[in-house]
Amino acid sequence: MGTLYLVRHGQASFGADDYDRLSELGRRQSVRLGQYLRERWGDALRFDAVLTGTLRRQVGTWQGMAEGGRIDAPHVSWPGLNEYDSLAVIRAIHPAPLPRPDTPELYRQHFRLLRDGLAAWMDGRLQPEGMPAYADFRAGVVAALDHVRESYSGHVLLVSSGGPIATAVAHVLDAPATASIELNLRIRNTAVTEFDFNPKRHQLITYNTLPHLDAAEYRDWVTYA
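If you count the sequence shown from 1, position 89 lands on 142 in my numbering, and the numbers rise without skipping.
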């Protein structure tokens, strides 16, 4: 029996021209998670492999964890773990230009449109420009899970984004695709989800936990975007 740890990237740069980079807080979250793992496991801390997508915020989170926890493990780059393009989803359902979501009202509007667009993408009513069909997006995530089951038997780390992780959870639970929308929007930055696995299947053990940020000194480090 192995354990797969799925980690969402640290806080990115929501609302900026380039979302795909960790904020300074996002980097600190990532380093802190690595430190926590070292504190918990000590010299027993090791991974058979680390899978990430190719996005900078995903790779940067793994690099921060490796630094904080002094972790050395084979890195597997897996494009199927890349996030969907949320702006493309919103443009597909609302073609007119929108202001930057820098107020509570605009922030809520952003996520209302995103929910509606994701639901339409998942059931085939919408195809955002530059994105794969939902079936292909899901297949990329499932292929990563299959690779873990077929290739490893110990501890494996997977660093990705909310969409792929929520898709993986929905897949393991055999839940409807649309269930992954709310799962996704509640995953916190650097949150840890755990699957046990054997060659036949994965089983969900924990979801969206932040054990490394439990102390009062990290209260302001909990973020969602």
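Yeah, the Cβ is synthetic: ideal placement off N, Cα and C, and Gly gets one too.
- A distance of 9 Å or more separates the beta carbons of Thr231 and Asp169.
- DSSP places Glu136 in the coil class of the three-state scheme, outside both helix and strand.
- Here Ile258 carries a strand assignment [DSSP, helix/strand/coil].
- Contact holds between the stretch 99–107 and the stretch 129–136, because three or more Cβ pairs, one in each stretch, are under 8 Å apart.
- Between Val225 and Tyr58, the C-beta spacing is not below 9 Å.
- The three-state secondary structure of Glu77, taken from DSSP, is helix.
- Beyond the five residues adjoining it in sequence on each side, Arg85 comes within less than 8 Å, by CB distance, of Gly121, Thr243, His265, Leu266, Tyr271, Trp274 in the same chain, given in chain order.
- Excluding the 5 residues flanking it on each side, Thr114 has same chain C-beta neighbours closer than 6 Å at His62, Gly63, Ser83, Val212, in chain order.
- For Leu210, the enclosing beta strand (DSSP E) begins and ends at 208–213.
- Ser233 sits buried, since 16 or more C-beta atoms from the chains shown fall within 10 Å of its C-beta.
- Taking Asn251 as the centre and dropping the five residues before and after it, the same chain places the C-beta of Met54, Gly55, Arg202 closer than 8 Å to its C-beta, in chain order.
- Looking from the CA of Leu198, the closest CA among Ala269, Arg123, Arg74, Phe248 belongs to Phe248.
- Taking 4 residues as the minimum length, the alpha helix (DSSP H) runs contained wholly in the stretch 90–174 are 109–122, 139–146, in order along the chain.
- In this structure, the alpha-carbon of Thr220 lies about 23 Å from that of Asp101.
- In this structure, Gly193 keeps its C-beta atom at 9 Å or more from the C-beta atom of Glu136.
- Taking each of Ala268, Gly133, Ile240 in turn and checking the Cα distance to Tyr277, the smallest one comes out for Ile240.
- In the displayed model, Asp273 falls within a helix according to three-state DSSP.
- Secondary structure in the stretch 176–247: the alpha helix (DSSP H) runs of 4 residues or longer, each lying completely within the stretch, are 187–204, 215–226, 232–238 in chain order.
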